[in-house]
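In our numbering, the protein residues as written are 527 to 807.
Here it is as structure tokens:
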């Protein structure tokens with residue numbers, strides 16, 4: 527999950543159940559200049575990105591969301607947005623808005639069922655346009671929904687936006703933790719401090735008998751955090767309501783704000799914000 531601020535796996539198992547993390551930085555001083563006022567850049571992925579950015583709203587003035595997953599953009603569906611961005615008088619794309627969040631995604635520029643079959647250079651060109659040719663306006667946070675992995679997109683964004691921190695999001699099974707550790711090492715190599723880890727799909731509670739089962743293992747993320755000398759910022763349970771609200775474009779922190787899941791996202795957001803430096807005046 528990158529916080530520049532998800533659904534890293536839409537709350538259900540996938541071949542890549544680990545997502546990169548929340549990167550936090552300032553857009554001021556980016557080279558070339560960013561089309562936004564000075565703001566803290568926060569990198570996340572998927573449903574976590576969606577929920578964290580909505581939890582930021584009561585704490586701040588304005589939040590933007592950039593979907594950097596060019597091959598599999600999910601933000602339009604999760605934010606219940608359709609259509610193409612309009613152009614400003616300066617020929618910049620205007621983000622689409624819902625729930626008070628300004629959103630930009632490759633999903634607004636291609637048909638929903640059309641695959642993006644591009645080589646790396648074309649993907650990087652698209653990312654550059656999404657970063658530099660969007661009129662974000664006045665932002666306090668820009669949340670970037672990142673693809674999984676340690677490839678060109680992660681490196682390019684980390685190196686082109688001044689970043690002050692990152693958060694790794696992973697499920698607790700061993701195969702995901704291997705990738706999570708690689709993500710932490712990648713950020714350290716590009717001199718991005720890791721603020722902490724989030725354990726996703728930490729436990730499943732039977733809706734009938736309330737018995738709890740650790741489907742993906744217990745405390746794997748905590749063990750990794752201890753090895754890396756980092757904190758665990760919180761746990762997100764495996765729950766059907768998270769999947770359903772993502773699929774319908776009604777984020778759980780909006781549609782079910784008093785639920786345990788929404789409260790978990792809010793606690794994690796508070797932990798993140800408390801670890802951020804005060805933004806420049």
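For each residue, glycine too, the CB sits at the ideal point set by N, CA and C.
If you draw a straight line from the C-alpha of residue 753 to the C-alpha of residue 666, how long is it?
On the chain shown, residue 753 is found 227 positions in, with the first residue counted as 1. On the chain shown, residue 666 is found 140 positions in, with the first residue counted as 1. Taken atom to atom, the span from the alpha-carbon of residue 753 to that of residue 666 is near 33 Å.
Inspect the beta-carbon positions of residue 698 and residue 747 and report whether they are closer than 7 Å.
Working through the chain shown from its first residue, we reach residue 698 at position 172. Working through the chain shown from its first residue, we reach residue 747 at position 221. Closer than 7 Å, so yes.
Residue environment, residue 480, which counts as buried when at least 16 other CB atoms sit within 10 Å
For residue 480 there is no data in the structure shown, the boundaries of the chain being 527 and 807.
DSSP on residue 721, reduced to helix/strand/coil?
By 1-based counting over the chain shown, the position of residue 721 is 195. DSSP places residue 721 in strand when its eight states are reduced to three.
So for residue 734, helix, strand or coil by DSSP?
If you number the chain shown from 1, residue 734 lands on position 208. Coil, per DSSP.
Cutting at 6 Å between CB atoms, please list the residues of its own chain near residue 722, excluding the five before and the five after it.
Looking up residue 722 in the chain shown gives position 196. Only residues of its own chain outside the window of five on either side were considered, and among them 693, 756, 757, 759 have a CB closer than 6 Å to the CB of residue 722, listed in chain order.
Rounded distance between the beta-carbons of residue 590 and residue 656, thought under 8 Å
Here residue 656 corresponds to residue number 130 of the chain shown, with the count starting at 1. Here residue 590 corresponds to residue number 64 of the chain shown, with the count starting at 1. Actually they do not touch by this definition, with Cβ atoms about 11 Å apart.
Pairwise C-alpha distance: residue 783 and residue 774
What you label residue 774 is simply residue 248 of the chain shown in a count that begins at 1. What you label residue 783 is simply residue 257 of the chain shown in a count that begins at 1. Cα to Cα, residue 774 sits roughly 16 Å from residue 783.
I need the DSSP call for residue 775, collapsed to helix, strand or coil.
Indexing the chain shown from 1 puts residue 775 at position 249. Here residue 775 sits in coil by DSSP.
What is the residue span of the beta strand (DSSP E) that residue 747 lies within?
On the chain shown, position 221 is the one that residue 747 refers to. In the DSSP assignment, residue 747 falls outside any beta strand (DSSP E) and lies within the alpha helix (DSSP H) extending over 746–754.
Would you tell me roughly how many angstroms separate the C-alpha atoms of residue 729 and residue 768, rounded to the nearest one?
Here residue 729 refers to the residue found at position 203 of the chain shown. Here residue 768 refers to the residue found at position 242 of the chain shown. If you take the alpha carbons of residue 729 and residue 768, they lie about 13 Å apart.
Does residue 737 pass the burial test, meaning 16 or more other C-beta atoms within 10 Å, or should it be called exposed?
As a first step, residue 737 must be located in the chain shown, where it is residue number 211. Classification for residue 737: exposed.
Rounded C-alpha distance that separates residue 710 from residue 720:
The residue labelled residue 710 in the question sits at position 184 within the chain shown. The residue labelled residue 720 in the question sits at position 194 within the chain shown. Going by the C-alpha atoms only, they are around 7 Å apart.
Note down, in chain order, each residue of its chain lying with its Cβ closer than 8 Å to the Cβ of residue 561, except the 5 sequence neighbours on either side.
For the purposes of this step, residue 561 is taken as the residue at position 35 of the chain shown. Since pLDDT at residue 561 reaches only 48, below the 50 mark, its modelled position is unreliable, and no value is offered.
In chain order, what residues of the same chain lie with their CB nearer than 6 Å to the CB of residue 597, ignoring the 5 residues before and after it?
Numbered from 1 along the chain shown, position 71 holds the residue referred to as residue 597. Around residue 597: 642.
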